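K.L.:
The structure under discussion is supplied below as structure tokens; questions concerning it will follow.
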Amino acid sequence: KPVDAVSMEDENVEKGYFDGFKTEKYHSNVPYTDYTGDGIRESFRQSCERMKLDKIHCLRLHDAENPKRWEEATEKGGIEAMLQLHAEGKINEVSLGMNSSEYLLKYIRKYPTGTFDTIMMAGCFNLIDQDGLELLQECQARGIKVTNVGIFASGALWGSTHYKYDGIPPEVADKI
């Protein structure tokens, strides 16, 4: 949404944008989370407009991993909008991308096999965390392609002081 059309008090405004993530080169809007059907369609429209395309290879539902975002995506038409765009031939793949293996698994199990083509799991399966194992098994059973990111545990495995967007807790330091 246009920066002047949002308030910093609005919980849907991605505050991180104002802390250094800027997109003025491409557009003057601020990222605004709306996982409803209307929000998904508008995001798709804006992305196509910026890229001067009428079709996108993969549309990924990203970071929809809290109760409000889950409800918008599942009960207020978000996933259905993605499936409609797929049926219309406007996207080739319907995808999910999250930090939570629990939410990824929840989405996959809510919908029939064939709904999701790919997932991106972030920080759910590496040398420190294997909480994504059940998710990987479910993806294998359903034929969902997986992109595993965060394999260095947010940098903790190569000497960084970060782990899952924060400092390294003592139990993780012990594993390292």
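First residue of the sequence shown? That's 5 in the working numbering, and the numbers climb one at a time after it.
Glycine included, each C-beta is placed from N, C-alpha and C at the ideal position.
Note that this is a predicted model, so its numbers are computed, not measured.
1) Name the DSSP beta bridge partners of Val-10, please?
2) If you follow the beta strand (DSSP E) that Cys-62 is part of, which residue opens it and which one closes it?
3) Sort Ile-83, Val-7 and Lys-94 by Cα distance to Phe-120 and report the nearest one.
4) Assuming Lys-56 contacts Lys-94 (C-beta within less than 8 angstroms), just tell me the rounded distance between them.
5) Between which two residues does the alpha helix (DSSP H) containing Ile-132 stretch?
6) Please classify Asn-70 as buried or exposed, where buried requires at least 16 neighbouring CB atoms within 10 angstroms.
7) In three-state terms, what does DSSP make of Lys-5?
8) Tell me, which residues are paired with Val-153 by DSSP?
9) How should Glu-76 be labelled, buried or exposed, when 16 other C-beta atoms within 10 angstroms of its C-beta is the threshold for buried?
10) The beta strand (DSSP E) with Leu-100 in it runs from where to where?
11) How is Tyr-111 classed by DSSP in three states: helix, strand or coil?
12) Assign Asn-96 to buried or exposed, taking buried as 16 or more other Cβ atoms, counted over all protein chains shown, within 10 Å of its Cβ.
13) Taking Cβ positions, are Gly-136 and Met-124 nearer each other than 8 angstroms?
14) Measure the alpha-carbon distance for Val-176 versus Ile-132 and round it to whole angstroms.
15) Use the C-beta contact count for Tyr-169: other C-beta atoms within 10 angstroms, 16 or more gives buried, fewer gives exposed.
16) State the DSSP-derived secondary structure class of Asp-42, mapped to helix, strand or coil.
17) Is Asp-178 helix, strand or coil when you go by DSSP?
18) By how many angstroms is the C-alpha of Glu-138 removed from the C-alpha of Arg-49?
19) With a threshold of 16 other CB atoms inside 10 Å of the CB of Ala-145, please say whether the residue is buried or exposed.
P.N.:
This is what the structure holds:
1) DSSP lists no partner for Val-10.
2) 60–66
3) Ile-83
4) Actually they do not touch by this definition, with Cβ atoms about 15 angstroms apart.
5) Unbroken run through Ile-132: none, as it is neither H nor E.
6) Using a 10 angstroms sphere on the CB of Asn-70, the tally of other CB atoms stays under 16, which defines it as exposed.
7) coil
8) Per DSSP, Ala-126.
9) buried
10) Element bounds for Leu-100: 95–102.
11) helix
12) Burial check for Asn-96: the Cβ neighbour count within 10 Å stays below 16, so the residue is exposed.
13) No, the Cβ-Cβ distance between Gly-136 and Met-124 is not below 8 angstroms.
14) If I take the Cα positions, the gap works out to 7 angstroms.
15) With fewer than 16 Cβ atoms within 10 Å of its Cβ, Tyr-169 is classed as exposed.
16) helix
17) helix
18) Within the model, the alpha-carbon separation for Arg-49 versus Glu-138 is close to 35 angstroms.
19) exposed
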